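Chemist: In the UniProt record's numbering, the protein residues as written are 1 to 525.
Just so you know, even glycine gets a beta-carbon here, dropped at the ideal spot from N, CA and C.
A quick note: this is a predicted structure, and the numbers were derived from the prediction, not measured.
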Amino acid sequence: MEGRSNLLSMMKLSIKVLIQSSLSLGRTLDSEYPPLQQLFVVLEHCLKHGLKVKKTFIGQNKSIWAPLELIEKLCPESAEISTSVRDMPGIKTGLGRARAWLHLALMQKKIADYMKELINRRDLLGEFYEPGALIMEEEGAVVVGMLVGLNVIDANLCVKGEDLDSQVGVLDFSMYLKDPQATETTQDDSKMTAILDQKHYIEELNRHLSCTVTDLQAKMDSLEKTNSKLIEELTAATDRINALREEQEQLKQENANILQTSQRKEEVTLQDSQLELETYRQTRQGLDEMYSVVWKQYKEEKRIRQELQKELELQIGLKQEMEVAMKLLEKDTHEKQDTLVALRQQLDQVKNLNLQMFNKAQESDRSELSAEKEQRQNLQRELHREQDNSAELRTQLQQLQGLQTELLDLRQEKKQLQQLCEEQEQALQEMGLHLSQSKLKMEDFKEVNKALKGHAWLKDDEATQCKQCQKEFSISRRKHHCRNCGDIYCNSCSSNELALPSYPRPVRVCDVCHSLLLQRSSIRS
């Protein structure tokens, strides 16, 4: 209790001396001014009174920065001071930060307001101070009331250059001791203090009132501006609502027109689809008939070709047998000609012998004549035999000549058969070409059938954008069906026309189907 009263009296003296000296000096105070330094020392002792000691790993810590840091949460205006104090590079301790914070709050002339907010929350201060501390008692409110008088002081304090961490706060009582000749009575001092307190209170009230008046004026101006802006926005909103209503009516009319046109288009597309279905059925029936006829022709041609191949194989076998027989006949004729030549030579020899024998018969005896006659008869018999053989050989030669003529006839027949076979092969090739063309046509019809079965006719409601360029459909960008694949495209992606098998005239197709169909037709051609 005695310590609190001493600190309170020291605070009164330091504030009084500081105000009197600053008024007499008539200039802005700096950090080297002794009464100002003494005020910060007394204020630091008041904040340290009854402060709880916190134990840490390093040791016991007793700093006033923790309760001052609490002001940042209670009064958001002090956040700027707290952040600037934390960002100061030369200050490392909590005591140095607390001293820097007090310097900045005094320069802002809001140290009394900040301390008032802190003292009003004693429930939070119980965490940092003991129950009998000066801040927790009524003396704290008195100190805050005295700090209001410091608002008349203008101070310009340099915080960055000072060593606030290592300063030692010592109370200097010599500056409060006065010369008895120059001192006044205690009554004059009390009157002077009362007058100064009243003056400071009135000045503070005037400052608060002027601040409130300026705030209210600024609020009035801002309200008038916002009111004018709201009126302008209201007029713009009403104009916008009217424009939107008109646009809504126009859109309703356009929607009705679009519905009518879509219904008409749907009817037209339905009629087209019915016509396409009928033409498809007719073409399918005709294709089935053509397919059956072509298939019968193909089977008949296949049967004829098999028969021709069998006949050709028989003719080739006969030809080979005839060639073998001709070779054997030629061999026999050569052998018989050789025998004929040998018989003629023998006949000539016999004639010569007969002549010789005739000559000898005239010269020889009659006895030898009978033997020669017998020999001659034998030779005549052999001659008759040889003549018979030669006749047989002539008949065989005539037969050989007949066989040669038959061989020539067979060769001619072979040539005729070869020509007939070549003609039939050409006919078969032509039939194969016709058959391949008919197969291609059947494949085309099958592809058309698959396209008509596989590609469903896409409805208008199912497509919201073009399948190729992915652009959204609108009033200007209309929907078009591809007659080949059934999908929906825009006008630029389906501007081509081609003649399809299922349509009697050229119809609209997409770019992809157009290129595919052209490529297919070029390959077939």
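Have a look at V159 and E224 and give me their C-alpha separation to the nearest angstrom.
Modeler: Working through the sequence shown from its first residue, we reach residue 159 at position 159. Working through the sequence shown from its first residue, we reach residue 224 at position 224. Their backbone Cα atoms lie some 43 angstroms apart in a straight line.
Chemist: In three-state DSSP terms, what is Q465?
Modeler: For the purposes of this step, residue 465 is identified with residue 465 of the sequence shown, where counting begins at 1. Q465 falls in the strand class under three-state DSSP.
Chemist: Quick check: the Cα distance between V294 and S502, rounded to an integer number of angstroms?
Modeler: As a working mapping, residue 294 is identified with position 294 in the sequence shown. As a working mapping, residue 502 is identified with position 502 in the sequence shown. V294 and S502: Cα-Cα distance of roughly 21 angstroms.
Chemist: Please state whether the Cβ-Cβ distance between C513 and N484 is less than 8 angstroms.
Modeler: One-based indexing of the sequence shown puts residue 513 at position 513. One-based indexing of the sequence shown puts residue 484 at position 484. For C513 and N484, yes; Cβs fall inside 8 angstroms.
Chemist: Please state whether DSSP places L516 in a helix, a strand or coil.
Modeler: Numbered from its first residue, the sequence shown carries residue 516 at position 516. Reduced to three states, the DSSP call for L516 is helix.
Chemist: Compute the distance between the beta-carbons of I488 and L458, then report whether it is under 8 angstroms.
Modeler: Here residue 488 is taken as the residue at index 488 of the sequence shown, counted from 1. Here residue 458 is taken as the residue at index 458 of the sequence shown, counted from 1. The answer is yes: Cβ separation under 8 angstroms.
Chemist: Tell me which residues share the same chain as E497 and place their Cβ nearer than 8 angstroms to its Cβ, disregarding the 5 neighbours each side in the sequence.
Modeler: Against the sequence shown, residue 497 aligns to sequence position 497. Taken in chain order, the residues that qualify are P506, V507, R508, V509.
Chemist: If we ignore side chains and look at the alpha-carbon of each, how far apart do L410 and I523 end up?
Modeler: On the sequence shown, position 410 is the one that residue 410 refers to. On the sequence shown, position 523 is the one that residue 523 refers to. For L410 and I523, the distance between alpha carbons rounds to 48 angstroms.
Chemist: Rounded to a whole number of angstroms, what is the C-alpha to C-alpha distance between D511 and S495?
Modeler: For the purposes of this step, residue 511 is taken as the residue at position 511 of the sequence shown. For the purposes of this step, residue 495 is taken as the residue at position 495 of the sequence shown. Approximately 8 angstroms, taken between the alpha carbons.
Chemist: Give me the Cα-Cα distance between D332 and L435, rounded to the nearest whole angstrom.
Modeler: On the sequence shown, position 332 is the one that residue 332 refers to. On the sequence shown, position 435 is the one that residue 435 refers to. Cα to Cα, the separation comes out at about 53 angstroms.
Chemist: Is R284 helix, strand or coil by DSSP?
Modeler: Position 284 of the sequence shown, counted from the start, is the residue given in the question as residue 284. Correct three-state label for R284: helix.
Chemist: Please report the straight-line C-alpha distance between V142 and Q20, rounded to a whole angstrom.
Modeler: As a position in the sequence shown, residue 142 is number 142, starting the count at 1. As a position in the sequence shown, residue 20 is number 20, starting the count at 1. Computed Cα separation, rounded: 20 angstroms.
Chemist: Please identify the residue among R97, A463, H481 whose C-alpha is closest to the C-alpha of F473.
Modeler: Here the question's residue 473 lines up with position 473 in the sequence shown. The shortest Cα separation from F473 among R97, A463, H481 belongs to A463.
Chemist: Hey, quick one: how far does the alpha helix (DSSP H) through R99 stretch, first residue to last?
Modeler: As a first step, residue 99 is located in the sequence shown; it is residue number 99 there, counting from the start. It spans 94-108 - the alpha helix (DSSP H) in which R99 sits, taken as one unbroken run.
Chemist: Kindly give me the distance between the Cβ atoms of E72 and S63, rounded to whole angstroms, as I take these residues to be in contact under 8 angstroms.
Modeler: The sequence position of residue 72 within the sequence shown is 72, counting from 1. The sequence position of residue 63 within the sequence shown is 63, counting from 1. Actually they are not in contact, since the Cβ atoms of E72 and S63 sit about 16 angstroms apart, beyond 8 angstroms.
Chemist: Got a sec? Which residues, its chain only, sit under 7 angstroms from Q274 by beta carbon, not counting five neighbours each side?
Modeler: Taking the first residue of the sequence shown as position 1, residue 274 is located at position 274. Here the set comprises nothing.
Chemist: Would you be able to state if there are at least three C-beta pairs under 8 angstroms between the segment 136-150 and the segment 104-114?
Modeler: The answer is yes - the segment 136-150 touches the segment 104-114, with three or more Cβ pairs under 8 angstroms.
Chemist: Distance check for E138 and L124, CA to CA, integer angstroms please.
Modeler: Indexing the sequence shown from 1 puts residue 124 at position 124. Indexing the sequence shown from 1 puts residue 138 at position 138. Looking at the two C-alpha atoms, the distance is approximately 16 angstroms.
Chemist: Quick one: Cα of I135 to Cα of K219, how far?
Modeler: Numbered from 1 along the sequence shown, position 135 holds the residue referred to as residue 135. Numbered from 1 along the sequence shown, position 219 holds the residue referred to as residue 219. Going by the C-alpha atoms only, they are around 36 angstroms apart.
Chemist: Y129: buried (16+ other C-beta within 10 angstroms of its C-beta) or exposed?
Modeler: Against the sequence shown, residue 129 aligns to sequence position 129. The residue is buried, with at least 16 neighbouring Cβ atoms inside 10 Å.
Chemist: Would the segment 287-307 count as touching the segment 386-395 if we require 3 or more Cβ pairs under 8 angstroms?
Modeler: Touching, no, given that fewer than three Cβ pairs across the two stretches are closer than 8 angstroms.
Chemist: From W65 to N227, what does the alpha carbon distance come to, in whole angstroms?
Modeler: Here residue 65 refers to the residue found at position 65 when the sequence shown is read from its first residue. Here residue 227 refers to the residue found at position 227 when the sequence shown is read from its first residue. If you take the alpha carbons of W65 and N227, they lie about 46 angstroms apart.
Chemist: To the nearest angstrom, how far is the alpha carbon of G402 from that of A325?
Modeler: For this step, residue 402 is matched to residue 402 along the sequence shown. For this step, residue 325 is matched to residue 325 along the sequence shown. Those two C-alpha atoms are separated by around 13 angstroms.
Chemist: With a 10 Å radius around its C-beta and 16 neighbouring C-beta atoms as the bar for buried, classify E363 as buried or exposed.
Modeler: Residue mapping note: residue 363 aligns to position 363 of the sequence shown, counting from 1. Looking at its Cβ environment, which holds fewer than 16 other Cβ atoms inside 10 Å, E363 is exposed.
Chemist: Give me the Cβ distance between G3 and H49, rounded to the nearest whole Å; I'm assuming they're in contact under 8 angstroms.
Modeler: In the sequence shown, residue 3 corresponds to position 3, counting from 1. In the sequence shown, residue 49 corresponds to position 49, counting from 1. 7 angstroms between Cβ atoms; contact.
Chemist: Enumerate in chain order the residues of its own chain whose CB-to-CB distance from Q167 is below 6 angstroms, with the five nearest sequence positions on each side excluded.
Modeler: Stepping through the sequence shown from its first residue, residue 167 is reached at position 167. Counting only Cβ-Cβ distances below 6 angstroms, and skipping sequence neighbours, we find nothing.
Chemist: Would you list the one or two residues that DSSP bridges to I488?
Modeler: As a working mapping, residue 488 is identified with position 488 in the sequence shown. Its beta-bridge partners are H481.
Chemist: Taking the alpha carbon of K52 as the point to measure from, which residue in Q429, K373, E127 has its own alpha carbon closest?
Modeler: Position 52 of the sequence shown, counted from the first residue, corresponds to residue 52. Out of Q429, K373, E127, E127 has the C-alpha closest to the C-alpha of K52.
Chemist: Tell me the residue span of the alpha helix (DSSP H) that contains L47.
Modeler: For this step, residue 47 is matched to residue 47 along the sequence shown. Per DSSP, L47 belongs to the alpha helix (DSSP H) from 34-48.
Chemist: Would you call the CB atoms of S46 and M11 closer than 8 angstroms?
Modeler: As a working mapping, residue 46 is identified with position 46 in the sequence shown. As a working mapping, residue 11 is identified with position 11 in the sequence shown. A small fix is needed here, since residue 46 is Cys in this sequence, not Ser. Cβ atoms of C46 and M11: closer than 8 angstroms.
Chemist: Buried or exposed for D358, please, with buried defined as at least 16 other CB atoms from any protein chain shown within 10 angstroms of its CB.
Modeler: Counted from its first residue, the sequence shown places residue 358 at position 358. Asp is not the amino acid found at residue 358; the sequence shown has Phe there. Exposed, since its Cβ has fewer than 16 Cβ neighbours within 10 Å.
Chemist: Hey, would you say L164 sits closer than 8 angstroms to S31, going by beta carbons?
Modeler: In the sequence shown, the residue the question calls residue 164 occupies position 164. In the sequence shown, the residue the question calls residue 31 occupies position 31. No. Outside cutoff.
Chemist: Among the residues of its own chain, which have a CB less than 7 angstroms from the CB of L312, if the five just before and after it don't count?
Modeler: Stepping through the sequence shown from its first residue, residue 312 is reached at position 312. Cβ within range, chain order: C421.
Chemist: For R505, which of helix, strand or coil comes out of DSSP?
Modeler: On the sequence shown, position 505 is the one that residue 505 refers to. Three-state DSSP puts R505 in coil, outside helix and strand.
Chemist: Assuming the contact rule is C-beta atoms closer than 8 angstroms, A155 and T235 should be a hit. Round their C-beta distance to whole Å, please.
Modeler: Position 155 of the sequence shown holds residue 155. Position 235 of the sequence shown holds residue 235. Incorrect: roughly 53 angstroms between the Cβ atoms, too far for contact.
Chemist: Within a Cβ cutoff of 8 angstroms, which residues of the same chain sit near C75, ignoring the five residues on either side of it in sequence?
Modeler: Here residue 75 refers to the residue found at position 75 when the sequence shown is read from its first residue. The residues are D113, Y114, E117.
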